[in-house]
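Chains A and B, in that order, give the protein sequences.
Position 157, counted from 1, in the first sequence is what our numbering calls 157; the numbers after and before it change by one each time, with no gaps.
Position 92, counted from 1, in the second sequence is what our numbering calls 92; the numbers after and before it change by one each time, with no gaps.
Report on the structure given below.
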Amino acid sequence: MSFAWANEYKPSNGLMQWLDEKLPLPRFVYNAVGAGYPVPRNLNYMWNFGVLAGFCLVLQIVTGVILAMHYAPNALVAFDSTEHIMRDVNWGWMLRYAHANGASAFFVVVYLHIFRGFFYSSYKAPREMIWLLGVVIFLLMMATAFMGYVLPWGQMSFWGAKVITGLFGAIPVVGEPLQVWLLGGFAPDNAALNRFFSLHFLLPFVIAGVIILHIWALHIPGSSNPTGVEVKQESDTVPFHPYYTAKDGFGLGVFLLIYCAVLFFAPNALGHPDNYIPANPLSTPAHIVPEWYFWPFYAILRAFTYDFFFIPAKLMGVLAMFGAILVWFFLPWLDTSPVRSGHYRPLFRKFFWFGLIPAMAVLFYCGGAPAQEPYVMLSQLASLYYFAHFLIILPIVSSIEKPEPLPFSITEAVLGKDESAVLNANPAAA
Amino acid sequence: MADQASINTPDMTGEGVRRRDFINIAAVSFAGVGGLAVLVPLVSQMAPSADVLAQSSTEIDISAIQPGQAIKAVFRKQPVFIRNLTPEEIASAEKVDVASLRDPQTLEERTKAGKTNWLITMGVCTHLGCVPLGAGEGEVKGEFGGYFCPCHGSHYDTAARIRKGPAPKNLEVPEYAFISDTVVKIG
C-alpha cells in the first residue's frame, strides 16, 4: 500500500502499544495522513484542494447538524423556522450563513480540485478509480446541495425543486409518474420537503464514506504530482507529516481568510433575494436560476431549444446536462496520451487554456443570465465545444501530439540533476 | 470410502443432485422473494399519499372575466389559467397552420364547443413546470400573444400552444365542465 521506504509507525508508550495491538487506529492515521505516507516532494498549491474539500465537508456536517436542531421540515413552518434561526437562535445567523456559504466554498474548492485533475490528467492509469470515485462524490454533492437549497422553502427553493424534479419528467413513458413519485405529489409540497430534509441529512455521510474509498484508492499508487512522472526512489518523496500537513495548514489559513471575508462581509452575495420570499406555488420568480455552482450545467440544459431529430428539445437538454458530467467517467479512456502533466503537452495545454476554460466560463456566465439572446446562442456554442473537447479533441490531440521531454525523475525536476539517473543509467531503467 | 458412500447415497438422486441443493435453492429463493416484498412498502411510501390523491374539484365563477382578461385559479395545488379570448386572439389562433405546430391541435380541440372564447389550461409550463407569465394584468405574453415562460424561454400562442422554446407540449387542458354560463367546474 505504500513505498518500501515509508516510515513505520512506532507506538510511543505502553498505552499506544496496547491500542496498536487491539485496534491499530493510530497506525492507520499515521500511514494515511502522517509521517508514514511518502508524498512526491514537488506538489504545488493545486494539491491543497483535496484536504480543503475534506475540511468543507466537516464544516458542512457540523453546521448542518446544528441547524437541524432548530429547523422544522414542514411546509407550514419551514420558512418561519429558517427566519427563527436567523433572528432568534443565538448565533443562528452565523451558523446558517456559515452553512450556506460553506456549500459555495465546498464547490469552489472541489471545482479547483477537478480542474487540477483535468490539467495534470490525474485520472490516468493507475489512478482511474480515484477519479471515478471523485465523480461519484461530485454527483452526490450536487444532489445534497440541491436538496439543501429547497429546505428554507422560499421562492427559489420551491421553484428550484419544481424545475429540477421536472427534469425527470422529460424521460419518455416513465417520466411523469417518476416525477410524481419523487415529489410524493403533483407539485412540491410537504411530502417533498420532508424527504428532501431526510436525504439532505443522510447524503453527507454517504459522501464521507465515498471519500474514504477515494483516499483508500489514492494510497495504492500514491499521490500524483505536477510533472506526472511516477515516484521512482526515496529522494522523490517527503513524508506527508510534517511537510504537507504544514503546506495544507497554510492553504487552510488562506482559505479561511477568504471564506470568513465572504461569511461576515457579504453573506448574501452568492444567494438570491427571492429566497427570502415564502414559497408561492402560483407565481414563478421572473428570473429563476439555480445556485451559482450549477450554472454551467444549467446553461447546457437551456441550450437545447429545438428538437434534435426525433428527440424532443426538453429530453435532449436533460440528457446533455447529465451527459456533461457523465462524460467525465470516460475521461481516463478518452485521453490516451501516455504523458500526464499538461506542462509537457503543448497542444493539450492550448486546448485546455484557450478551449475548455473559456467554454466553461461562457457556460458559467450564461447559466446565470436570463433565457434570451445572445446568451442562448452563446451557451449553444460553448456546449458544442464542451462536448467536442472531451469526445473529439482529446482523443485526437492524444494521438497527434508530440510531448515535450519529461524529466528523468521528480528529484531531477526539483534539483535540476538526479545522481541516481547517472548511476542507474543501464538498460534496466528503461 | 465405503463410509462416505453410505452417507451420501440416500441424498443423491439419479443425476448427482443432492437434496441439500433443493433446500439451498428453496431457502435462498424464499429469502429473495421476501426481500423484494419488503421493497414494496419502501418504494411505495414515496408515492402521493391518500390526502394528496384525494380528487379535488374546484368550482370557479368566471362571470367577471372580460374578453382579453385572464385569472389564475388553483387545482391540485397547481395554477389553472382561465382566459376569455378576444375575437382577434381567436382569429390569430385559428389562422395558424396546425400541421406546422410542435404539438398539433386546433383551438376547437382545446376548448368546449360553443365556448371557444374560454381557454382553460393548467398554468404549468410543459418544459420544467414553471408558471408562465401572461395571465396576470401587465405580464409579458411572449412573441405569440399567449403565455411566456420566463424560466427557459418557452412561448405559447393565444390557444396556449407551444410555438417556440424548449417546452415539448401545449399547456395541458384539464378535465372541466361548464356547470352554467358563469361557473366552471375543474376536475
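Where a beta carbon is used, it is the ideal one built from N, C-alpha and C, also for glycine.
Just the Cα atoms here: how many angstroms apart are residue i and residue j?
i      : j      : result
G416/A : Q60/A  : 43 Å
P221/A : S100/B : 60 Å
A159/B : A78/A  : 38 Å
S337/A : A4/A   : 29 Å
G165/B : A217/A : 45 Å
G34/A  : F240/A : 6 Å
N84/B  : L36/B  : 53 Å
Y244/A : G64/A  : 29 Å
K169/B : D103/B : 6 Å
H113/A : W333/A : 20 Å
R452/A : Y120/A : Outside the displayed range of chain A (1 to 430) lies residue 452/A, so it cannot be described from this structure.
N48/A  : A359/A : 25 Å
D157/B : Q155/A : 27 Å
V414/A : Y259/A : 32 Å
P374/A : D97/B  : 29 Å
N268/A : P296/A : 21 Å
F144/B : R163/B : 8 Å
P11/A  : I130/A : 31 Å
G148/A : F196/A : 7 Å
Kindly give me the distance between the Cβ atoms of residue i and residue j, rounded to whole angstroms, as I take these residues to be in contact under 8 Å.
i      : j      : result
L133/A : V210/A : 6 Å
L153/A : L193/A : Sequence check: residue 153/A is Trp here, not Leu. Going by Cβ atoms, the distance from W153/A to L193/A rounds to 6 Å, so yes, they are a contact pair.
E59/B  : V183/B : 6 Å
A324/A : Q380/A : With 8 Å as the limit, A324/A and Q380/A do not qualify as a contact, their Cβ atoms being about 13 Å apart.
V163/A : L128/B : 4 Å
V38/B  : P79/B  : Between P79/B and V38/B the Cβ distance is about 39 Å, and since that is not below 8 Å, they are no contact.
R127/A : S224/A : 6 Å
G187/B : S44/B  : At roughly 24 Å, the Cβ-Cβ gap does not stay under 8 Å, so G187/B and S44/B are not in contact.
V39/A  : V238/A : 6 Å
F168/A : K77/B  : 19 Å between Cβ atoms; not a contact.
Are the beta-carbon atoms of residue i and residue j separated by less than 8 Å?
i      : j      : result
D189/A : A75/A  : yes
A135/B : F75/B  : no
S409/A : K232/A : yes
L378/A : C366/A : yes
L391/A : V327/A : yes
F239/B : K112/B : No information on residue 239/B is available, as it lies outside the stretch 1 to 187 that chain B covers here.
A145/A : Y293/A : yes
D236/A : R41/A  : yes
C125/B : A371/A : no
V110/A : M141/A : yes
L331/A : Y123/A : yes
P67/B  : N117/B : yes
A299/A : L363/A : yes
According to DSSP, is residue i part of a helix, a strand, or is it coil?
i      : result
V77/A  : coil
L178/A : helix
D248/A : helix
M122/B : strand
Y30/A  : helix
D20/A  : helix
H70/A  : coil
T144/A : helix
V339/A : coil
Y97/A  : helix
F201/A : helix
T82/A  : helix
K314/A : helix
E59/B  : strand
N48/A  : helix
Is any non-hydrogen atom of the ligand FMN found closer than 7 Å to the C-beta of residue i, if you look at the structure I gave you?
i     : result
R19/B : Looking at this structure, you won't find the ligand FMN or any other ligand, since it has none at all.
For this session: Output, in sequence order along the chain, the residues in the segment 158 to 174 of chain A whose CB is closer than 7 Å to any CB in chain B.
Result: So the list reads W159, K162, V163, G166, L167, given in the order they occur along the chain.
- Message: Counting only Cβ-Cβ distances shorter than 9 Å, please list the residues of the segment 96 to 121 of chain B near chain A, keeping chain order.
- Response: Residues R102.
- Query: Going along the segment 56 to 90 of chain B in order, which residues come within less than 8 Å of chain A, judged by CB to CB distance?
  - Reply: Under the 8 Å Cβ criterion, the segment 56 to 90 of chain B contributes K72, V74, R76, K77, Q78, P79.
Q.
Output needed in chain order: residues of the segment 150 to 171 of chain B with a Cβ under 7 Å from some Cβ in chain A.
A. Listed by position along the chain: P150, C151, H152, G153, G165, P166, A167, P168.
Near-chain A residues of the segment 24 to 36 of chain B - C-beta to any C-beta below 9 Å:
Cβ contacts with chain A: none found.
- Message: Counting only Cβ-Cβ distances shorter than 9 Å, please list the residues of the segment 107 to 137 of chain A near chain B, keeping chain order.
- Response: With the criterion set as a beta carbon lying under 9 Å from some beta carbon of chain B, the segment 107 to 137 of chain A has no members that meet it.
Requested in this report: Closer than 9 Å, Cβ to Cβ, to anything on chain B: give me those residues from the segment 298 to 314 of chain A, in chain order.
Outcome: Here the close residues are L301, R302, F304, T305, Y306, D307, P312, A313, K314.
Using Cβ-Cβ distances below 7 Å, what residues of the segment 122 to 134 of chain B are close to chain A? Across the segment 122 to 134 of chain B, CB contacts with chain A closer than 7 Å involve H127, L128, G129, C130, V131, in sequence order along the chain.
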